[in-house]
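*Asks:* Please find one structure pasted underneath; my questions will follow.
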Amino acid sequence: MIPSRRGLVLGAGATVLSSPALSRQRPEDLVLSGRLIQGGFVMGRTWPRAMIFVNGEALTTASARGVFIIGFDRDAAPYVQLEARFRNRRAHRTLSIVSGAFPSSRINGLPPSTVEPTDPALLERIQQEIALKTEGFASRADADDFRAGFIWPLDRYRVTSRWGSQRILNGTPARPHYGIDLAAPAGSPIRAPADGLVTFARPGMHFEGGLTLIDHGQGLITAYLHQSRIDVLPTQRIRRGDVIGAVGMTGRATGPHLCWRMKWRDRNCDPSLMVAQSATETGYPYA
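171 is the number that the UniProt record's numbering gives to position 171 of the sequence shown; each next residue is one higher, with no gaps.
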């Protein structure tokens with residue numbers, strides 16, 4: 001049965017394909033929840049500190065609670081092999097990933113320097129900022145702050161650009177948009193959607209304007225762009241609901257809004273899919 005294009009919420013063992021050779025594994029050894037769609041994610045509960053393999057590659061380690069997360073990029077393959085290993089124990093699932101629907105969007109009236117910059121000094125500055133952002137995104141906090149799910153970072157907003165859309169900027173095709181744009185009045189408070197560690201906080205970035213990055217554990221990092229004010233500092237621990245800054249239109253923006261982004265390691269994910277999702281407790285014997 002092929003899942004609907006919307007994707008789905010995954011319950012314990014409900015939407016995975018099992019290998020007959022591994023059919024003797026206990027269902028409670030690998031309990032999953034999440035959204036099996038391009039840009040989505042899976043949270044899991046397994047043995048504490050188990051190694052988590054994705055398509056045969058060791059990518060993360062379950063927390064002391066046995067909780068882990070993996071993300072699916074915009075171009076994720078139709079099937080993903082997921083395996084947990086702890087000592088001589090193994091638990092395996094084959095996940096079927098639904099294709100996303102990514103429309104095109106056009107934005108005109110942007111300054112040329114924010115679309116196709118040519119000035120050597122500006123290009124050098126952009127490269128320096130890329131290095132700073134790369135360091136912030138490289139954080140791998142030993143935590144599972146994502147486990148309770150996320151809230152929206154704004155109290156009131158209007159979605160003006162959905163995640164994954166193909167961007168055409170000033171008539172020029174650009175990279176897909178790896179954020180969801182939330183329009184709101186300038187100065188509106190931005191709240192942390194989940195607990196985490198601030199890994200980057202800097203105003204005046206060329207493209208992003210005021211930018212904050214938060215590590216929610218295991219390389220799951222959210223980004224907050226175009227802020228008019230930043231209220232946190234790098235290395236600061238924050239709690240869900242804390243104000244981290246204010247909506248603005250700094251950087252490459254034509255109006256006040258928050259561009260909300262998420263990465264799991266090097267994979268771009270849709271942060272809106274994390275709202276109200278949490279690691280299931282069903283059948284988990286180790287908590």
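Backbone N, C-alpha and C fix where the C-beta goes; we use that ideal spot for every residue, glycine too. Given the structure is predicted, the values throughout are model-derived calculations rather than measurements.
What do you get for Val232, buried or exposed, if any count of 16 or more other CB atoms within 10 angstroms of its CB means buried?
*Replies:* Val232 comes out buried.
*Asks:* Along the chain, where does the alpha helix (DSSP H) that runs through residue 319 open and close?
*Replies:* This structure gives no information on residue 319, because the portion of the chain shown stretches from 1 to 287.
*Asks:* Is it buried or exposed, Asp266, if we count other Cβ atoms within 10 angstroms and call 16 or more buried?
*Replies:* Flag for Asp266 reads exposed.
*Asks:* Could you work out which residue in Arg191, Phe102 and Ala77 is closest to residue 296 when comparing CA atoms only?
*Replies:* Nothing can be reported for residue 296, as the shown portion of the chain is limited to 1 through 287.
*Asks:* How would you label Gly100, buried or exposed, when you count the other beta carbons within 10 angstroms and need 16 or more for buried?
*Replies:* Answer is buried; the Cβ neighbour count reaches 16.
*Asks:* Please list the terminal residues of the continuous beta strand (DSSP E) segment that includes Trp264.
*Replies:* That run of the beta strand (DSSP E) goes His257 to Trp264.
*Asks:* Could you pull out every residue in the same chain whose Cβ sits closer than 7 angstroms to the Cβ of Arg6, ignoring the five residues on either side in sequence?
*Replies:* At Arg6 the pLDDT is 44, less than 50, meaning the model places this residue with poor confidence and gives no usable figure here.
*Asks:* Counting along the chain, where does the beta strand (DSSP E) carrying Thr46 start and finish?
*Replies:* That residue, Thr46, is in no beta strand (DSSP E); it is neither H nor E in DSSP.
*Asks:* What residue range does the beta strand (DSSP E) around Gln227 cover?
*Replies:* Run containing Gln227: Leu220 to Gln227, per the beta strand (DSSP E) assignment.
*Asks:* If you run the structure through DSSP and keep just helix, strand and coil, what is Ser161?
*Replies:* It is a strand residue.
*Asks:* Compare the beta carbon distance of Pro256 and Ala186 with 8 angstroms and say whether it is the shorter of the two.
*Replies:* In contact: Pro256 and Ala186 (Cβ atoms closer than 8 angstroms).
*Asks:* Decide if Val275 is buried, meaning its Cβ has at least 16 other Cβ atoms within 10 Å, or exposed.
*Replies:* Exposed, by the Cβ-count rule.
*Asks:* Comparing C-alpha positions only, which one of Asn268, Arg65, Ser278 and Ser104 sits nearest to Ala223?
*Replies:* Comparing Cα-Cα distances from Ala223 to each of Asn268, Arg65, Ser278 and Ser104, the minimum goes to Asn268.
*Asks:* What do you reckon, are the CB atoms on Thr250 and His226 nearer than 8 angstroms?
*Replies:* Going by C-beta atoms, Thr250 is nearer than 8 angstroms to His226.
*Asks:* With DSSP as the reference, please indicate the residues paired to Tyr178 in a beta bridge.
*Replies:* DSSP output for Tyr178 lists no bridge partner at all.
*Asks:* Less than 6 angstroms between C-beta atoms, sequence neighbours within five positions excluded: which residues of the same chain meet that for Gln277?
*Replies:* These residues qualify, in order along the chain: Gly149.
*Asks:* Measure the Cβ-Cβ separation of Val159 and Leu95 and say whether it is below 8 angstroms.
*Replies:* Their beta carbons are not under 8 angstroms apart, which means Val159 does not touch Leu95 by this criterion.
*Asks:* DSSP on Asp73, reduced to helix/strand/coil?
*Replies:* The answer is coil: DSSP assigns Asp73 none of H, G, I, E or B.
*Asks:* Apart from the five residues on each side of it in sequence, which residues of its chain come closer than 6 angstroms, Cβ to Cβ, to Ala76?
*Replies:* Gln38 and Ile97.
*Asks:* So what's Pro234 in DSSP terms, helix, strand or just coil?
*Replies:* Three-state result, Pro234: coil.
*Asks:* Based on Cα-Cα distance, which residue from Thr172, Ile151, Arg229 and Ser228 lies nearest to Ser104?
*Replies:* Nearest of Thr172, Ile151, Arg229 and Ser228 to Ser104, Cα basis: Thr172.
*Asks:* Does the beta-carbon of Leu122 have 16 or more other beta-carbons within 10 angstroms, so that it is buried, or is it exposed?
*Replies:* The residue in question, Leu122, is exposed, as its Cβ has fewer than 16 Cβ neighbours within 10 Å.
*Asks:* Can you check which of these residues, Ser33, Tyr79, Pro271 and Phe86, is closest to Ala58 by C-alpha distance?
*Replies:* Per the Cα distances, Phe86.
*Asks:* Identify, in the order they occur along the chain, each residue of the same chain with its Cβ nearer than 6 angstroms to the Cβ of Ile151, setting aside the five sequence neighbours on each side.
*Replies:* Closer than 6 angstroms at the Cβ level, and outside the excluded window around Ile151, lie Pro193.
*Asks:* In the DSSP assignment, the beta strand (DSSP E) including Leu273 goes from what residue to what residue?
*Replies:* Taken as a continuous stretch (DSSP letters only), Leu273 belongs to no beta strand (DSSP E), as it is neither H nor E.
*Asks:* Give the secondary structure of Pro189 by DSSP, where H, G and I count as helix, E and B as strand, and everything else as coil.
*Replies:* Pro189 falls in the strand class under three-state DSSP.
*Asks:* Please classify Pro78: does DSSP put it in a helix, a strand, or coil?
*Replies:* Residue state, collapsed to three classes: coil.
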